[in-house]
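As structure tokens, the structure follows; a few thoughts come after it.
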DNA sequence: AGTTATGATTCGCT
DNA sequence: AGCGAATCATAACT
């Protein structure tokens, strides 16, 4: 221990002056068997060190030659490992202490968020994980709203940029790392650089690059957040449907009042007709059902209106059908026969009606076989024949209608609920 | 400005 | 997943 320290201090006293070596040296210089040629050896090492220290003052060719000479020197391996060890045990151990830090929680948050937003991770088509939960929420999987597709397009744009940038960073990182590694390997021939040190340097580079990556992730997250808030804002902006759309929806609703649950196909058709989305149709029916149920009285007028309208339409259709059938085959009677024609909106018009004089007509239903004329509207309203949902309308979907609080109960005339004093007399829905 | 109407969202249930 | 119910947010109305 002491001897070795002494050796290094004696060694020209150049580079290692003042350095003590903690822990002692593991590798004794080769050929140092006894003290017989010790002085010559010291001189030799002193020369080498001197040469190393003055190498930068020399010309390139001269230095190259010296470098080669040094590389081939018999003492080189021993001296190299000694220097490496000294280096290891001094400056580098400080840096080594702060290594292996746990994964940054901030980075983990960002990663999780990007994954959740569908920006990171495997591409799931143009959609994303949260789109279904955040953007469409109760909406159907088949949403085709403009905002939605816009959101998706923008999100995938962000995703693309993110991945391109990430790739660039990774590529740059790899290139730089390889470059530095090569450089260090090259230099390790003349400088005391251990593989461990190279490894450490690589990890430093990686850390630097990952901090850049974090910035990228952060800004991507911000972009997604901004996009999302904008999207949600846009959705919050309520625009009333067109009069025509409301008309179509109401027509369907009141003509299917006994079971206002349009099937998926019906919804699609309505959506198409109204130029709205399927989920909007679902929303509309959801709102309508609940609001109608809550305040039937309030909707009486509207119900009457649409009932009349449907009746008129039906009458027209019947008239047209009758005329047509009479023209085409005068021998075929169809008036009054069940299911002999196909009416667009005659599935099961099942309504509670109250005509202006206060007389209630509950449950007037127009079936597929009513004999209607425009001037017999009143007669239609007075009809009390209940249709059993076999009107043949393809848009119609039968729905669970039980006696315990089912939809039909609420509109069934036999329940003897006065339209004006039914459960709908409360106004809780519009209380806000 | 206050109220009502209405489309959308959220939550819990089945 | 679809529904009812409650609620939110905003358009439309008074």
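In the UniProt record's numbering, the protein residues as written are 1 to 432.
Ideal Cβ positions, reconstructed from N, Cα and C, are used throughout, including at glycine.
Item                                                                                                                                                                           : Value
Using a Cβ-based criterion (distance less than 7 Å to any ligand heavy atom), does residue 312 qualify as near the ligand GDP?                                                 : As far as ligands go, the structure on display features none, and thus does not contain the ligand GDP.
For the segment 66-78 against the segment 42-56, are there 3 or more C-beta pairs whose distance is under 8 Å?                                                                 : yes
Once you ignore the five residues that flank residue 169 on each side, which residues in its own chain have a CB closer than 7 Å to its CB?                                    : 209, 212, 213 and 216
Indicate the three-state DSSP secondary structure (helix, strand or coil) for residue 294 in the structure shown.                                                              : helix
Taking Cβ positions, are residue 260 and residue 238 nearer each other than 8 Å?                                                                                               : no
For residue 320 and residue 241, what's the separation of their Cα atoms in angstroms?                                                                                         : 32 Å
Can you list, in chain order, the residues of its chain with a C-beta nearer than 7 Å to that of residue 121? Leave out the 5 residues immediately preceding and following it. : 115
On the DSSP letters alone, give me the boundaries of the alpha helix (DSSP H) that residue 240 sits inside.                                                                    : Taken as a continuous stretch (DSSP letters only), residue 240 belongs to no alpha helix (DSSP H), as it is neither H nor E.
At which residues does the alpha helix (DSSP H) containing residue 121 begin and terminate?                                                                                    : Premise fails: residue 121 is in no alpha helix (DSSP H) and is neither H nor E.
Classify residue 318 as buried or exposed, calling it buried when 16 or more other Cβ atoms lie within 10 Å of its own Cβ.                                                     : buried
When you compare the segment 272-285 with the segment 295-312, are there three or more beta-carbon pairs, one atom per stretch, that lie closer than 8 Å?                      : no
So what does DSSP say about residue 207, is it helix, strand or coil?                                                                                                          : helix
Here's a check: name, in chain order, each residue in its chain whose Cβ is nearer than 8 Å to the Cβ of residue 271, leaving out the five neighbours to either side.          : 277, 278, 280 and 281
Take the Cβ of residue 60 as the centre, count every other Cβ of all protein chains shown within 10 Å, and call the residue buried at 16 or more, exposed below.               : exposed
Counting pairs of Cβ atoms below 8 Å between the segment 187-197 and the segment 156-170, do you hit three or more?                                                            : no
Look at the Cβ atom of residue 306, then the Cβ atom of residue 250, and state whether they are nearer than 8 Å.                                                               : yes
Suppose you measure from the CA of residue 107 to the CA of residue 203; what does that come to, to the nearest Å?                                                             : 17 Å
Can you have a look at residue 69 and say buried or exposed, based on whether 16 or more other CB atoms are within 10 angstroms of its CB?                                     : exposed
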